[in-house]
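Counting from 77, one number per residue, gives the positions in the sequence shown under our numbering.
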Amino acid sequence: MRHLLLLLVLAFLPSSSAQGCGMLSNCNGHGTCTLSTGKCNCYEGWGADTDIAYYKAPDCSKRVCPAGRAWGDVPTSATSAHALTECSNRGTCDRGSGACTCFPGFAGDACQRMKCPNDCSGHGQCLNVQRMASMTNALPLSNATTYQGYETTHTWDEDMVYGCVCDSSWTVGLGTGETQQSEWFGNDCSLRRCPTGDDPRTAADETDCGGKKAKYSTEKGKIGNKCHVDCSNRGTCDYRTGTCSCYTGYFGQACNEMSALATGG
């Protein structure tokens, strides 16, 4: 009789499958329960099978963060790397909010973009390398080209790497009448060049960049291309203000005038 009662009690105890997902807080309202297995099928953003995340809570209680191409990872072949990963490997995921906290220098919902230093100081545009490749005034100077179309291999960073293209009151480039240096410069465009001029003490024209290779470039200036010569090589330039301090015996905004009476400054 005792054994019969025990069997009856066991028969009425709920099985693990009959409990559904009770042990998983019924998926916390962020997923559906498969009763036969007692497992949660989490919604997207909460650990779905399609979500890319380092960790997925079995009870759907933790958020996952946006994914982007990894800035660095282990390649899978000679031309295949930078797989999608949470916060692009350049940030940490807040499991409560589902938002990435990016490391310094990175931005975007998945930390998938470089930040431009100081937002180019208000004297330039923050552009990606895809755009810069097509521009003839982006440094280092080159003819217009393309850098796009192979995001899974060679141009994986075409919309990830950003930099400043600094402003200039004159046209920058390698063409005739263009100048090889921009008015504002520096990685954050915070520095300003001084007025340019030809050195009055030399026979050569230092402002002529025709046939001269641009800095950090393999390209040369066309005939009539210009070099920017701060203070005509006859003064020092204050790059914070863009003004010249002329040597003794020279004067003018670009220090390109000579006089024995000039005391400099």
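Ideal placement from N, C-alpha and C gives every residue a C-beta, glycine not left out.
Here Gln329 has Pro271 as same chain residues with Cβ atoms under 6 Å from its own Cβ, once five neighbours each way along the sequence are excluded. Per DSSP, the continuous beta strand (DSSP E) segment holding Val241 begins and ends at Tyr238 to Cys242.
Per DSSP, the unbroken beta strand (DSSP E) holding Ala143 starts and ends at Ala143 to Arg145. DSSP, reduced to helix, strand and coil, places Ser164 within a helical segment of the structure shown.
Contact check for Cys303 against Thr283 passes: the beta carbons are separated by less than 8 Å.
In the structure shown, Met211 falls within a coil segment according to DSSP collapsed to helix, strand and coil.
The DSSP-derived three-state label of Gly107 is strand. Residue burial is scored here from C-beta neighbours: Ser308 has at least 16 other C-beta atoms within 10 angstroms and is therefore classed as buried. Residue pairing by DSSP places Gly286 opposite Gly297 in a beta bridge. Contact annotation, Val140 with Gly107: C-beta distance approximately 12 Å; criterion of less than 8 Å not satisfied. The Cβ-Cβ distance between Cys116 and Pro134 falls below 8 Å.
Scanning its chain for C-beta atoms nearer than 6 Å, with the 5 sequence neighbours on each side dropped, one finds no residue around Asp233.
In the structure shown, Ser153 falls within a strand segment according to DSSP collapsed to helix, strand and coil. If you check the CB distance, Val241 and Asn219 do not come in under 8 Å.
In terms of Cβ geometry, Ala186 and Cys176 form a close pair [threshold 8 Å].
By the criterion of a C-beta distance shorter than 7 Å, Thr222 is surrounded in its chain by Ala209 and Ser210, once the five residues flanking it on both sides are discounted.
Judged by DSSP secondary structure, Lys115 falls within the beta strand (DSSP E) whose first and last residues are Lys115 to Cys118.
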